[in-house]
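Each residue of the sequence shown is one higher than the last, beginning at 103 in our numbering. Note that CB positions come from ideal geometry on N, CA and C, so glycine has one too.
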Amino acid sequence: MGTLTRPAIAFVNPSVGFSDRRKSKPIGLAYIMAYLEKSGFPSSGFDFGDSEDDAVELAAHYGLDRFDVVGFSVYNESFRAAIAMAEWIKNRRPECLIVLGGPHATAVHEHILRRYSCVDVVVRREGEEAMLDLVRGLGADADGGVDDRVGLTGIKGTTWRAPDGAGLLVNEDRDFVPDLDQIPFPDAEFTSHSGYPDLTYYDEVQGRLKAALTICSSRSCPYNCSFCGVLTIGRKYRSREAERVVAELLHFRARHGVNYEHVYFSDANFFVSPTRALEVAEALYEADPQVTFSFGTRVNQILKAAEVLPRLKECGLRFIELGIESASEPVLERLAKHVKPEVNVAAVRLLKRLGIEISLDFIMLDPATTLPDVRANLEFLCEAGFYDYVPHDHLYTALVLYEGTPIRDFYARRFGVVFDPDDLPSPFTLFELPEVQRFSDTLRAFRKRWQDRIDDALAQGELALASMADGSDGSDGSDGSDGSDGLDRLDGSEGSGLSRESHARLQLDVVSLRHAPNLFMERLLEDAEAGFPRLDEVGGAGGGLDALLPRLGHDHVHLHDLIERTEAVAREAGFAQAPGAAAPHGRD
């Protein structure tokens, strides 16, 4: 590297292999970058999280070999992309220090350094302080070169390959950052391969779309759900003061010139301390009564702090992302949720009674799932009022066995296998029971063939209905006094060209589209419980789908016809939109 006082530093969020339109900036890397910037070490951020391009081509296109230090934040899904980039950089610039961090790197730090010579060091758990020590050490290095890094290998919270090649140097863990309020706001910019969509929230209470901001007000969670990657980083829960949360909102309003009016709290568990949650909510309300917010938590915490919820709602709480996961007691036990199915039901009823919306976290299938488990899940979703819930992702979810989680070890022992630390086994190939495997395969075939079409038609139909309801349909306000037949039109929707009868049919068709995946799943489960007679009589899972499709709408038509009709009515009313656009649901 030569004489160096300030190394050129890059942080990379590698691709997870698919695209997500709801992509947001990698907040963990942003915190590290802001922390280094505060100490005089600026860095460049690259976010390829949703890119489907080749990892090496991305590394070459963005010139990642021009940096002295390149740090990768890796999850199971993005590990191979990170290694491909690291190898390319190392081959072109051997003196570059390659650093890996994040949940996956923390879980298998020794394995990574033994198997991959392109990686120099793994930063375990939290990264701010360890990375600052690393770049400070490099900055003070007058001569540079690998041999001169020996003095850096003792940094707490890091694992190194020994300079002499004799084994690994696993340094003692670093204490967690005790005071999160001393860490700067995650004010870092990333070069993104695909850009960032505007983050919004449709506030149904106020009837308008709001600019939204993601804020993390705490770290970790004191619970020990067996499937959660938070366990890898550590269960030491810490939280920020309410005043700092408000200050962050105001900072980014000024920084971006955007009047953010909804806060998505990205905490692993925002509601660990209901008292603190209320302090944050009241501070936000005092700063700006128009600000609304949402957060995630567990069902048992909802019940323990029920008396706080009405006040949270008064201060702007709109919805809670609720970790229900399953309605089956055996599955809940495997997931180490330490709650009974009736607790899930009670929490849902409480929130619905208070008028607080629920965002559903659910795991429909895990490797040991039985058909009775699936039946329990479907009955719960129907009885708890989630039959109209969109998006439908919860119907298709399967448990992912992340490295470093107890559930992965549980299934390794159960199956008598050793999972490769580099691999994230597909959750859709691990089912123990053949009937569950076939059920899953058929459900996924339905999703691939129909779900995107349902989503697009549903979005167009709901947009049309919502626009008519709020009068934003381009109506001229005619009352029929000009001789037009105003009585045959919807009040306030004359410009739409839809009669009352057409509007009523559109409403029914939209409801039917919402129900379609649920109805298909019910019919598929009934067929599975009977030994798949309807699926078999048509000849295979692909052809058998049509035999299981429900007849829908006011006249019980085929799903294809219902989709076509809904889109046609939306076009007729002048409310068609591009496929893939968001419907006016709050969390889109």
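- By the beta-carbon neighbour count (other beta carbons within 10 angstroms, threshold 16), Ala672 is buried.
- In this structure, Leu215 and Val224 form a Cβ contact; the two beta carbons are roughly 6 Å apart against a cut-off of 8 Å.
- About 6 Å separates the beta carbon of Tyr491 from that of Leu462, a gap short enough to meet the 8 Å contact definition.
- Separation of the CB atoms of Gly331 and Tyr133 is rounded to 17 Å, and the pair is thereby denied contact status at 8 Å.
- Glu427: member of the beta strand (DSSP E) spanning 419 to 427, first to last residue.
- Looking at the DSSP output, Ser396 shares a beta bridge with Tyr366, Phe421.
- By the criterion of a C-beta distance shorter than 8 Å, Ala162 is surrounded in its chain by Trp190, once the five residues flanking it on both sides are discounted.
- Per DSSP, the continuous alpha helix (DSSP H) segment holding Arg194 begins and ends at 181 to 194.
- Secondary structure within the region 450 to 496: the alpha helix (DSSP H) runs of 4 or more consecutive residues, fully enclosed, are 473 to 485 (chain order).
- By the neighbour-count criterion, in which 16 or more other beta carbons inside 10 Å mark a residue as buried, Lys258 falls on the exposed side.
- Contact annotation: Lys125 and Tyr298 have beta-carbon atoms nearer than 8 Å.
- Here Thr316 carries a strand assignment [DSSP, helix/strand/coil].
- Between the alpha carbons of Leu434 and Thr531 lies a distance of about 21 Å.
- DSSP, read as helix, strand or coil, puts Phe292 in strand.
- Distance from the CA atom of Pro280 to the CA atom of Arg340, rounded to whole angstroms, is 7 Å.
- If you check the CB distance, Ile460 and Phe517 do not come in under 8 Å.
- In the structure shown, Thr377 falls within a helical segment according to DSSP collapsed to helix, strand and coil.
- Taking C-beta separations shorter than 8 Å and ignoring five residues to either side along the sequence, the partners of Ala188 in its chain run Val172, Phe174, Ile200, Leu202, Tyr218, Cys220, Val221, following chain order.
- Ala112 sits in a strand when the DSSP states are folded into three classes.
- Straight across, the Cα-Cα distance linking Thr668 with Gln609 is about 10 Å.
- In the three-state reduction of the DSSP assignment, Tyr133 falls in the helix class, which pools H, G and I.
- Distance from the Cα of Asp156 is smallest, within the candidate group Arg195, Pro116, Phe148, Asp167, for Pro116.
- Nearest in C-alpha terms to Ile556, of all of Leu664, Val237, Asp657, is Leu664.
- For Ser542, the enclosing alpha helix (DSSP H) stretches over residues 536 to 548.
- Partner residues in the beta bridge of Phe148, as assigned by DSSP, are Val114, Thr293.
- Taken atom to atom, the span from the alpha-carbon of Glu212 to that of Arg226 is near 11 Å.
- DSSP lists Ser320 as the beta-bridge partner residues of Ser341.
- When Ala559, Gly457, Glu481, Arg168 are compared, the shortest CA-CA separation from Pro493 is found for Ala559.
- Going by beta carbons, Leu650 and Phe622 fall inside the 8 Å limit.
- Glu231 counts as buried, since at least 16 other C-beta atoms from the protein chains shown sit within 10 angstroms of its C-beta.
- Per DSSP, Leu271 is one residue of the beta strand (DSSP E) stretching across 270 to 272.
- In the structure shown, the three-state DSSP call for Asp638 is helix.
- DSSP places Phe174 in the uninterrupted beta strand (DSSP E) bounded by 171 to 175.
- Taking all protein chains in view, the Cβ of Val520 is surrounded by fewer than 16 other Cβ atoms within 10 Å, so the residue is classified as exposed.
- By the Cβ rule, the region 346 to 363 counts as touching the region 381 to 393, because three or more pairs are nearer than 8 Å.
- When the five nearest sequence neighbours on each side are left out, the beta carbons in the same chain lying within less than 6 Å of the beta carbon of Glu343 are those of Asp283, in order along the chain.
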